Amino acid sequence: MTACPTGIAHTYMAAEKLTQAAEALGHEIKVETQGSIGAENVLSDNDVRDADGVIIAADKDVDRSRFVGKRVLVVGVAEGIRHPGELIERVRTAPVYGGEDGGAGTAAGAAASAGTGGGKQRSVGYKALMNGVSYMIPFVVVGGLLIAISLALGGHPQADGGLVIPDGSFWKHVNDIGVIGFTLMVPVLSGYIAYAIGDRPALVPGMIGGWIANTGALYGSKAGAGFIGAIVTGFLAGFLVVWIKKVRVPRFVQPIMPIIVIPIVATTALGLFFIYVIGRPISWVFTHLTGWLGGMTGSSAVLLGAILGLMIAFDMGGPVNKTAFLFGAGLIASGNQTVMGMCAAAIPVMPLGQGLATLLRRRLYSEQERETGMAALFMGLFGISEGAIPFAAARPAQVIPANMLGGAVAGALAGTAGVTDAVPHGGPIVAVLGAVGGVPVFFLAVVVGAVVTALTTVALVDLSERGKGGRGAPAGAAAAPAVTVAAGAGAGGPSGTAAATGTRTEAAPVPAAAPAPAPAPAAGEGDEDGVGEEGSAGDEGRGDRAQAPADGHSVPSPSPEVLSGYLTARTVRTRLAAGEKEAAIREMAELAAGTGRVTDVAELVRVALAREAQGTTGLGEEIAVPHAKTDAVTAPVVCFARSAEGVEWGSPDGTKARLVFMIAVPEAAAGDEHLRILALLSRKLMDPDFRARLQGAEGTAEVLAVLAEIR
1 MTACPTGIAH TYMAAEKLTQ AAEALGHEIK VETQGSIGAE NVLSDNDVRD ADGVIIAADK
61 DVDRSRFVGK RVLVVGVAEG IRHPGELIER VRTAPVYGGE DGGAGTAAGA AASAGTGGGK
121 QRSVGYKALM NGVSYMIPFV VVGGLLIAIS LALGGHPQAD GGLVIPDGSF WKHVNDIGVI
181 GFTLMVPVLS GYIAYAIGDR PALVPGMIGG WIANTGALYG SKAGAGFIGA IVTGFLAGFL
241 VVWIKKVRVP RFVQPIMPII VIPIVATTAL GLFFIYVIGR PISWVFTHLT GWLGGMTGSS
301 AVLLGAILGL MIAFDMGGPV NKTAFLFGAG LIASGNQTVM GMCAAAIPVM PLGQGLATLL
361 RRRLYSEQER ETGMAALFMG LFGISEGAIP FAAARPAQVI PANMLGGAVA GALAGTAGVT
421 DAVPHGGPIV AVLGAVGGVP VFFLAVVVGA VVTALTTVAL VDLSERGKGG RGAPAGAAAA
481 PAVTVAAGAG AGGPSGTAAA TGTRTEAAPV PAAAPAPAPA PAAGEGDEDG VGEEGSAGDE
541 GRGDRAQAPA DGHSVPSPSP EVLSGYLTAR TVRTRLAAGE KEAAIREMAE LAAGTGRVTD
601 VAELVRVALA REAQGTTGLG EEIAVPHAKT DAVTAPVVCF ARSAEGVEWG SPDGTKARLV
661 FMIAVPEAAA GDEHLRILAL LSRKLMDPDF RARLQGAEGT AEVLAVLAEI R
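Counting along the sequence shown from 1, when you hit position 91 you're at 91 in our numbering, and nothing is skipped either side.
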């Protein structure tokens with residue numbers, strides 16, 4: 001079985017490699033592929049019963065319950081591509097799977113079965129964190145936006161500049177729904193981190209643990225542990241469940257272990273551990289931080305503002321943030337409104353800064369992150385700092401320091417000018433409502449802090465992505481353990497985006513009988529070979545009839561149809577000029593534009609590069625398949641190009657890409673058809689003879705003749 005998180009090219013490449021190796025060794029093999037298109041060639045009960053062993057080559061969680069009693073070898077999908085013969089030999093002596101993980105192919109269980117080391121465990125942790133963040137984001141967006149909208153439309157300004165929503169009103173109910181979303185946000189983060197590690201039995205202890213972490217009253221703290229506490233409880237719950245699963249129990253107890261025993265034991269142990277062991281230090285720190293800040297009120301306002309800004313930005317609603325906030329709010333009653341003014345300037349900096357970062361460097365962020373960024377900008381205007389939590393949870397090493405730097409700058413500027421705030425709230429909304437004294441400096445502090453956060457975030461994220469572009473396989477392409485009987489998962493884009501390949505057409509020689517060539521046609525009307533609209537590249541690259549151009553001269557015979565006509569003579573380039581990845585993608589996007597199907601080349605390039613930032617599309621074997629799913633193209637288009645020197649693509653096997661395919665599809669066309677084409681392409685490229693003939697083909701016509709074998 002082969003599978004990966006995206007389920008595109010690697011799924012089918014691993015399947016083809018395993019099939020070829022089995023045939024060469026004289027074995028029968030059946031490979032189930034679990035790609036984005038769904039499970040294909042599914043293993044039946046008879047297949048499993050008769051099998052000598054099961055190879056699971058995958059980078060995502062898979063169900064192993066049907067393989068109990070069989071020899072099971074679990075590896076990453078890259079191993080299925082690079083060492084298929086070795087895996088077939090190893091599976092003959094692999095341990096018999098006894099369902100120790102409760103029948104679920106969890107990341108942690110797979111890692112244990114594969115005997116992986118610390119590097120793989122880090123990959124498991126990263127995937128678990130991303131799983132929690134992906135489920136948390138809708139709660140952040142829904143909760144934050146409903147609260148902001150209810151305040152904007154249903155809030156009544158008060159004499160002191162505050163904003164209150166009347167009890168029992170329509171907008172109060174909307175606000176309450178938003179508060180529920182925010183309340184569930186932290187438990188959901190914790191629960192789905194645990195779920196990714198320990199599967200379903202870990203979901204309940206993870207969620208309840210996250211709720212406990214966020215409810216400071218349970219352990220004597222005025223503020224809960226926030227999203228940082230949720231990350232801690234999520235990992236604790238996940239690995240605790242994995243450990244409990246390893247405990248041997250009588251056979252009659254095994255059926256109730258995942259639904260009764262494990263959730264109850266793990267939830268109770270984790271909850272009491274957090275309350276009595278972790279919660280007390282949090283409460284102690286909270287108390288002493290408040291006392292320490294109280295002793296600084298006579299110190300430099302700049303220093304105090306910077307410290308409060310750092311604290312506000314650190315955990316966005318967690319204990320450190322709440323300590324600073326409650327300290328400032330408590331001093332309002334005593335007549336000191338400057339401390340709250342420092343806090344109010346820092347509170348919106350994180351969501352505004354992270355939202356701004358997604359606008360400044362869009363290619364560094366996925367589509368979902370950019371949408372979250374827009375929501376964060378809106379939340380920032382209303383002083384809802386939690387809008388930045390998804391970014392901090394996904395990239396803590398880059399985002400939290402950037403948030404803290406921007407918060408410190410905003411707090412220090414507000415402290416320098418003596419900005420005041422008469423209500424316990426922050427963000428531009430309180431200034432608009434008249435609660436802030438020193439409004440111009442307040443807005444200056446917010447803007448400068450947000451810009452500092454955005455620029456620092458972009459710099460750190462960019463630096464991190466460049467680091468991933470080295471020899472090591474980037475996130476999303478790393479070979480994390482999962483399941484194989486004969487199935488593979490690819491390096492395709494999110495939501496099953498097919499790989500986009502870009503290439504340029506080389507101009508064919510003008511026939512001897514022809515005079516000077518006619519002027520180059522407009523995009524979509526002809527190609528560089530002079531083929532008419534219904535020629536080999538006609539009808540947007542799908543025609544199959546040659547037609548004489550307007551000047552009446554003869555034209556080359558029609559080219560063979562390749563990949564359902566998505567790849568044509570005008571999307572082939574026998575020599576790629578670019579020497580590095582970004583330039584190669586740009587060159588191929590321009591080649592695709594020659595078909596008339598690309599409305600925005602820059603957007604196509606941006607989407608393709610954003611896909612690369614999530615994980616390389618270099619497949620190894622000197623192959624790269626960049627791809628993009630975007631409405632910047634009006635119909636699917638496939639390009640091919642060869643590079644004599646090779647382009648560094650970050651491939652798992654370290655080879656440079658010499659055969660580059662680019663696939664670009666509109667959002668509405670990202671379905672079964674382009675995945676079918678990608679599967680055909682991936683399997684054929686695993687044939688060394690095919691690759692050699694493709695490398696040696698002279699001219700566009702010969703290249704197309706070789707590519708026509710893909711069926």
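Ideal Cβ placement from N, Cα and C applies to all residues, glycine included. Keep in mind that this is a model prediction, so the values were computed, not measured.
Do residue j and residue i have their beta-carbon atoms positioned less than 7 Å apart in this structure?
i      : j      : result
ALA445 : ALA410 : yes
MET342 : LEU293 : no
ALA764 : ALA397 : There is no way to answer for residue 764, as the model of the chain reaches only from 1 to 711.
GLY85  : ALA21  : yes
ALA657 : GLY618 : yes
PRO187 : GLY216 : no
GLU369 : MET316 : no
VAL133 : PRO390 : yes
ALA58  : THR2   : yes
ALA237 : PRO205 : yes
ILE177 : LEU146 : yes
ARG586 : VAL598 : no
MET340 : ASP421 : yes
Which one of the options has the shortest CA to CA distance from residue i?
i      : options                           : result
VAL665 : LEU460, ALA593 and ARG693         : ALA593
VAL399 : ALA408, GLY438 and GLY353         : GLY353
ALA635 : GLN614, ILE663, SER643 and ALA375 : ILE663
GLN614 : LYS581, ARG363, SER44 and ALA632  : ARG363
LEU151 : ILE710, LEU270, VAL430 and ARG586 : VAL430
THR338 : ALA306, GLY437 and GLU603         : GLY437
ASP689 : ALA701, LEU678 and LEU707         : LEU707
GLY181 : PRO138, LYS172, GLU367 and PRO255 : PRO138
ALA14  : ALA679, THR416, GLY206 and GLY143 : ALA679
VAL451 : GLY427, VAL461, LEU463 and LEU405 : LEU405
PRO250 : VAL62, VAL261, VAL241 and VAL242  : VAL261
THR33  : VAL247, SER221, TYR12 and GLY125  : TYR12
THR453 : GLY220, ARG92, ILE231 and LEU359  : LEU359
VAL647 : THR616, GLU667, ASP631 and ALA632 : THR616
THR416 : SER300, ALA577 and MET136         : SER300
ALA230 : TRP243, GLY355, PRO281 and GLY318 : GLY318
ALA266 : ASP52, PRO652, ILE208 and GLY80   : ILE208
VAL241 : ILE228, ASN214 and LEU203         : LEU203
VAL439 : GLY125, MET130, GLY418 and SER221 : GLY418
For residue i, does the count of other Cβ atoms within 10 angstroms reach 16, so buried, or fall short, so exposed?
i      : result
ALA520 : The predicted model places ALA520 with a pLDDT of 37, which falls under 50 and marks its position as unreliable; any figure quoted below should be read in that light. Exposed, because fewer than 16 other Cβ atoms sit within 10 Å of the Cβ of ALA520.
PHE252 : exposed
THR372 : buried
ASN46  : exposed
PRO322 : It is Lys, not Pro, that sits at residue 322 in the sequence shown. Buried is the call here.
GLU733 : Absent from the model: residue 733. The displayed extent of the chain is 1 to 711, so no value can be given.
ILE264 : exposed
PHE314 : buried
PHE170 : exposed
GLY226 : buried
MET374 : exposed
GLU580 : exposed
So, helix, strand or coil for residue i, using DSSP?
i      : result
LYS629 : strand
GLY35  : strand
GLY472 : In this prediction, GLY472 scores a pLDDT of 36, lower than 50, which makes its location untrustworthy; the coordinate-derived value is nonetheless stated afterwards. Here GLY472 sits in coil by DSSP.
ILE384 : coil
ASP714 : This structure does not reach residue 714, given that the chain is present from 1 up to 711, and the question cannot be answered.
ILE212 : helix
MET1   : coil
ALA624 : strand
ALA602 : helix
GLU645 : strand
GLY615 : coil
ASP315 : helix
HIS288 : helix
GLY437 : strand
Count Cβ pairs between the stretch 381-390 and the stretch 344-361 that sit closer than 8 Å; are there 3 or more? yes
Counting Cβ pairs closer than 8 Å, one from the stretch 273-288 and one from the stretch 189-207, do we hit at least three? no
At least 3 beta-carbon pairs within less than 8 Å: the stretch 689-707 vs the stretch 625-632: no
Tell me, please, whether the stretch 632-650 touches the stretch 570-578 by the rule of three or more beta-carbon pairs shorter than 8 Å. yes
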